[in-house]
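Whatever position you read off the sequence shown (first residue = 1), add 8 for the numbering used here. Note sheet for the following structure.
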Amino acid sequence: MNDAGVTRVAVYIDFDNIVISRYDQVHGRGQFQRDKVRGFSSADRPTDGDIAEKVRRATVDVGAVIDFASSFGTLVLTRAYADWSAPVNADYRGQLVSRAVDLVQLFPTAAYAKNGADIRLAVDAVEDMFRLPDLTHVVIVAGDSDYIALAQRCRRLGRYVVGVGVAGSTSRALAAACDELVTYDALPGVEPIDARPATGQAVGEQPQPVGSGTASPARGSRRARQPAAAVIDETDPDSEDPQEAATRLLERALRLGQEKDDADWLHSSAVKSQMRRMDPSFSERALGYRSFSDFVKSRAAVAELDEADPVRLVRLKQAPA
């Protein structure tokens with residue numbers, strides 16, 4: 009039995025929807041189909057540099073979506089629906105599996121099946137609400153108006169419904185059916201389209217951070233990266249330095265907390281809890297610090313710690329005037 013007041017979150021991602029919508033947002037309506045991106049894989053990059061660059065610029069930061077969902081409470085299940093045999097989707101599998109996302113395989117009957125996940129996702133969500141009565145929040149990552157009925161049913165069953173969609177491809181009616189709806193572009197960690205570098209990562213990699221500031225995630229630049237474990241995987245040549253990963257994790261947790269609480273200063277315990285929800289492997293002791301306060305102090309370029317009050321408070325570093 010779970011304690012009263014504990015929030016438990018289920019996340020459902022219409023992956024085809026979000027990938028296609030993001031690509032069309034960046035490159036123009038209908039461009040995903042015209043460029044035949046569904047069959048494009050990482051192996052094709054050397055022979056088709058133009059499409060490779062377009063795919064890179066439209067890469068979806070799955071970590072930003074999952075971290076945002078975790079700000080509502082404990083993630084009890086996260087599912088992504090797509091045809092994972094499609095090369096453009098397959099390139100994301102490593103990123104998704106590393107975040108414990110359950111990949112649901114769909115077998116579309118049409119070559120361009122953007123709406124192939126609608127029924128399966130809706131059926132699973134309704135079944136989960138009856139099977140798991142302690143679910144408190146449902147996060148639907150898709151912008152189609154087809155999900156209006158699902159959002160309404162979830163609310164009637166007493167769940168708090170959060171929608172996440174791509175700007176320009178999200179139904180206004182869906183926004184009205186949800187308790188809360190945010191655009192993918194507004195998530196902490198997602199860089200504005202015009203701020204992305206011209207060259208850099210391949211499909212499935214996270215955007216590189218370009219600094220930190222005081223702007224609220226809903227108003228300013230989003231600069232963070234999917235958190236990594238506290239220990240480097242020596243078998244992976246691209247494994248990130250755990251100290252850098254922890255810094256980015258702290259920054260994203262602070263941005264999420266400020267957006268939800270609409271306050272500059274946050275309780276350090278709440279920030280640490282959010283960081284652990286985003287990356288359960290986080291440990292300040294594993295990084296060489298005796299306490300979480302010592303860890304925050306070591307990130308003076310990113311965060312400020314107020315120890316004047318018995319309850320320690322932390323906030324993003326204020327930028328110079």
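Beta carbons are placed, not taken as given, at the ideal position from N, Cα and C, and that holds for glycine. These numbers were taken from a predicted model, which means no experiment stands behind them.
Asked                                                                                                                                     : Found
Simplified DSSP assignment, three categories, for residue 65                                                                              : helix
Residue 167 burial status per 10 Å Cβ neighbour count (16 or more: buried)                                                                : buried
Nearest-angstrom Cα separation, counted from residue 40 out to residue 94                                                                 : 13 angstroms
Option in 33, 157, 162 and 161 with minimal Cα separation from residue 181                                                                : 157
Stretch pair the segment 51–67 + the segment 77–84: three plus CB contacts closer than 8 angstroms                                        : no
Residue-chain proximity (residue 115, chain D), Cβ-Cβ < 8 angstroms                                                                       : Protein chain content of the structure displayed is limited to a single chain, and chain D is not contained in it.
The segment 104–113 touching the segment 169–176, judged by at least three CB pairs closer than 8 angstroms                               : no
Cβ neighbour criterion (16 or more within 10 Å) applied to residue 44                                                                     : exposed
Own chain residues within Cβ distance below 6 angstroms of residue 323, not counting five before or after                                 : 272, 273 and 312
Spatially closest choice to residue 100 from 68, 291 and 147, by CA coordinates                                                           : 68
Counted within 10 angstroms of its Cβ, other Cβ atoms place residue 127 as buried (16 or more) or exposed                                 : exposed
Cβ-based burial, residue 138 [other Cβ within 10 Å; buried from 16]                                                                       : exposed
Residue nearest to residue 155 in terms of C-alpha spacing, selected from 143, 185, 136 and 317                                           : 185
Whether residue 297 touches residue 303 by CB criterion (8 angstroms)                                                                     : yes
Cα-Cα separation, residue 65 to residue 20                                                                                                : 24 angstroms
Beta carbon of residue 4 nearer than 8 angstroms to that of residue 87                                                                    : Because the chain in this structure spans residues 9 to 329, residue 4 falls outside the shown range and cannot be described.
Separation of residue 286 from residue 310, as counted between CA atoms                                                                   : 18 angstroms
Through-space distance from residue 115 to residue 35, alpha-carbon basis                                                                 : 27 angstroms
Secondary structure of residue 229, DSSP reduced to three states                                                                          : Reliability of the predicted coordinates at residue 229 is poor, the pLDDT of 34 falling under 50, and the value obtained from them is presented with this limitation in mind. Residue 229: coil per DSSP, three-state reduction.
Same chain, Cβ closer than 8 angstroms to residue 187, neighbours up to 5 away in sequence not counted                                    : 163, 168, 169 and 170
When 37, 315, 72 and 28 are compared against residue 63, the one with the closest alpha-carbon                                            : 28
Alpha-carbon spacing of residue 249 relative to residue 201, whole angstroms                                                              : 27 angstroms
Residue 310 - containing alpha helix (DSSP H), residue span                                                                               : Taken as a continuous stretch (DSSP letters only), residue 310 belongs to no alpha helix (DSSP H), as it is neither H nor E.
Selection from 81, 267, 60 and 49 that minimises the alpha carbon distance to residue 16                                                  : 81
Counted within 10 angstroms of its Cβ, other Cβ atoms place residue 143 as buried (16 or more) or exposed                                 : buried
Helix, strand or coil at residue 144 according to DSSP, with G and I counted as helix                                                     : coil
DSSP three-state assignment for residue 168, whether helix, strand or coil                                                                : strand
Coil, strand or helix - residue 173 by DSSP                                                                                               : strand
Segments of 3+ residues assigned as beta strand (DSSP E) that fall wholly inside the segment 70–139                                       : 82–90 and 110–113
Chain-order list of residues whose beta-carbon lies under 6 angstroms from that of residue 208 (same chain, five-residue window excluded) : Bear in mind that the predicted position of residue 208 carries a pLDDT of just 39, short of 50, making it too unreliable to give a figure here.
Beta bridge counterpart(s) of residue 314 as assigned by DSSP                                                                             : 321
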